[in-house]
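Below is one structure, written out as structure tokens; the observations come after it.
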Amino acid sequence: MKKQLKYGLNLVSAFALAGTLLVGCSSGSGQNAKEDAVLNIATVNNNDMVIMEEMTSEFTEKTGIKVNYTVLSENEIRSKITQDVGLGGGQYDLFTIGAQDSAVYLDNGWTEPLDGLLNSMSDEEKAWYDVEDIFPVVRDSLSSETKGLGALPFYAETTLLFYNKEIFEAKNLTMPENPTWDQVYELAVAAQDKEKGIAGIALRGLPGSGQNMFIFSSIANAFGAQYYDMDWKATFNTPEMKNAIEFYKKILADAGQAGPTSTGYTEALNLMSTGKAAMWYDASVSAGTLANSKDSIVSGKIGYAMAPLQVKQDATNTIGGWGIAINASSKNKEAAFKFLTWATSKEYINLVGEKKGWESTPSGTRVSTYDNENYKQASDFADITKKAILQVDFRNPSVNKTPYTGNSIPNMAEYSSWGEQIAQLLASYLVNQKNIDAVLEEGQKILTDVAVEGKYVK
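With our numbering as the guide, the letters of the sequence shown map in order to residues 84 to 541.
Right, dumping it as structure tokens:
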């Protein structure tokens, strides 16, 4: 059976590095990175990365290292990065990488192992960066079993159910702290206002391995569905998966936003932040944007609930987010590591808090963020986000055991390919181009072929 990409927590293992890399991170730590270096970084186009680009002038001022940004959509960045690392081109020195991709990229030699670099820091630099301050589950999600950390977390996220308290109060609705999906459906139907163009709930429907699949997989887990059993037999044609898919369509059809297959993360965020959705189930990192009055007209009106349960009666929320990795083909690894540690440091988090507001700081990565009184006072979502992150069961996503880890996106090398195919099947079902039987049959074949061709099955 093919070796699985399970994650480990060994952050201090020593192993040989290809070449000697001189490292540094803090402003007072004698750096060897060339001060005239120019770094190229590819990032996903979300609000936190926009802020990072704005803040980078502070890094350049301190170090002399310039950073050029290429900003791409979530679907684009995966294909661009895969092309670059696959060809060994080194077009980008660094890139943002999803938690589900980190181990795969590292195990394939596409990204630079980070444990050795972190271990080679001086004591002063280690104390400044404080890798142990990063939540263990977040380190776990970015790590390979055999090679350690493949990326450092820029922000981490779980999933929360957001709801508009003003709409709920007007309709005399009450959100349970731990709702089921059946309860969410009833609330969505009751909360919608078709005349005003307000959806009862917004959910991603845009096809993509990191778009609709990120949310659908969480729903599927809640319904007790999974993609493979422990023998790597595909389980897409099971009653549990059928129930999950039918529910996904039902809630969107009866109470969701118009044009669901055109709604990705950005579009759903816009619906919620403009008061055009009563609820939204998505990434916890969005809480900062919704709370910021500059970005959201519903600032101060948002309530939070844990990820909905169903058949699965314990944590169904995910762990995800974006890390930053160094391209193994980069010619500027010293400077890249310097930028990487700066952008994922306590120093950077404090800088964003002071310059942009504490509700806008990268969330979900560090214990110290949630101990910071400034952050807690500005972020009414801090406690529930921390609670959700700490309860994530990364290795047991569904009711029954799975041979893969990852509770939103399975951590398999082939996922980016088959995830796209399943995503398209779901979208076809939402717009009535395929019926449920066809979706189940085709999905089963896709997953079976992956298991056979990938030699997961004997």
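Using N, Cα and C, we set each Cβ at its ideal position, and we do this for glycine too.
Three or more beta-carbon pairs separated by less than 8 Å link the region 239-254 to the region 266-277, which places the two stretches in contact. Boundaries of the alpha helix (DSSP H) harbouring Val-220: 219-224, taken from the DSSP string. DSSP places Asn-130 inside the alpha helix (DSSP H), whose first and last residues are 130-146.
Residue state for Arg-478 is assigned as coil, using DSSP reduced to three classes. In the structure shown, Ala-388 adopts extended strand secondary structure according to DSSP, grouped into three states. Gly-293 is a Cβ neighbour of Gly-181, given a cutoff of 8 Å. With 16 or more other Cβ atoms from the protein chains shown falling within 10 Å of its own Cβ, Met-355 counts as buried.
For Phe-245, the enclosing beta strand (DSSP E) begins and ends at 242-247.
Inter-residue distance for Glu-323 and Ser-226 is about 30 Å (C-alpha atoms, whole angstroms). Counting other Cβ atoms within 10 Å of its Cβ, Ala-521 stays below 16 and is therefore classed as exposed.
The region 297-304 makes contact with the region 399-407; the number of CB pairs closer than 8 Å reaches 3 or more. The criterion of a C-beta distance shorter than 8 Å is satisfied by Leu-235 and Gly-406. Judged by their CB atoms, Phe-297 and Gly-526 are not nearer to each other than the 8 Å cut-off.
In this structure Gly-233 does not touch Ser-162 by the C-beta definition: roughly 19 Å separates them, more than the 8 Å allowed. Rounded to the nearest whole angstrom, the C-alpha separation of Ile-467 and Ile-385 is 13 Å. Contact check for Val-168 and Asn-410: beta-carbon distance about 6 Å, within the 8 Å limit, so the pair qualifies. Shown here for Glu-141: same chain residues with a beta carbon closer than 8 Å to its own, the five before and five after excluded, namely Leu-434 in chain order. Approximately 5 Å separates the beta-carbon atoms of Arg-449 and Asp-216; this is inside 8 Å, confirming the contact.
Of the candidates Lys-333, Asn-295, Phe-422, Asn-295 places its Cα closest to the Cα of Gly-502.
Contact fails between the region 526-536 and the region 218-225, because fewer than three Cβ pairs, one in each stretch, are under 8 Å apart. For Leu-523, no pairing in a beta bridge is given by DSSP.
Taking C-alpha positions only, Gly-288 is separated from Thr-488 by approximately 24 Å.
Excluding five sequence positions before and after Gln-340, the CB atoms of its chain that fall closer than 7 Å to its own CB belong to Ala-282, Ala-285, Thr-346, Leu-354, Ala-360, given in chain order.
The beta carbons of Asn-375 and Ser-462 sit no closer together than 8 Å.
At a Cβ-Cβ threshold of 8 Å, Asp-176 and Ala-419 count as neighbours. Leaving aside the five residues that flank Asp-337 on each side, the residues in its chain whose CB is nearer than 7 Å to its CB run, in chain order, Val-272. Annotation for Gly-436: no beta strand (DSSP E) segment contains it, though the alpha helix (DSSP H) segment containing it runs 429-439.
For Ile-472, the closest C-alpha among the options Gly-371, Gly-403, Ile-124 is that of Gly-403. Counted as a single uninterrupted DSSP element, the stretch harbouring Val-154 is not any alpha helix (DSSP H) but the beta strand (DSSP E) occupying residues 149-155.
Of all alpha-carbon atoms in Gly-383, Ile-328, Lys-538, the one lying nearest the alpha-carbon of Asn-518 is that of Ile-328. In this structure Glu-252 is exposed. Its beta-carbon is surrounded by fewer than 16 other beta-carbon atoms within 10 angstroms.
Under the three-state reduction of DSSP output, Phe-464 falls in the coil class, being neither helix nor strand. Within its own chain, the residues whose Cβ lies closer than 8 Å to the Cβ of Ser-511, once the five positions on either side in sequence are excluded, are Lys-517, Val-522, listed in chain order. Arg-449 carries a strand assignment under DSSP once its states are collapsed to helix, strand and coil. Per DSSP, Trp-363 is one residue of the beta strand (DSSP E) stretching across 362-366. Looking from the CA of Thr-344, the closest CA among Lys-209, Glu-228, Gly-291 belongs to Gly-291.
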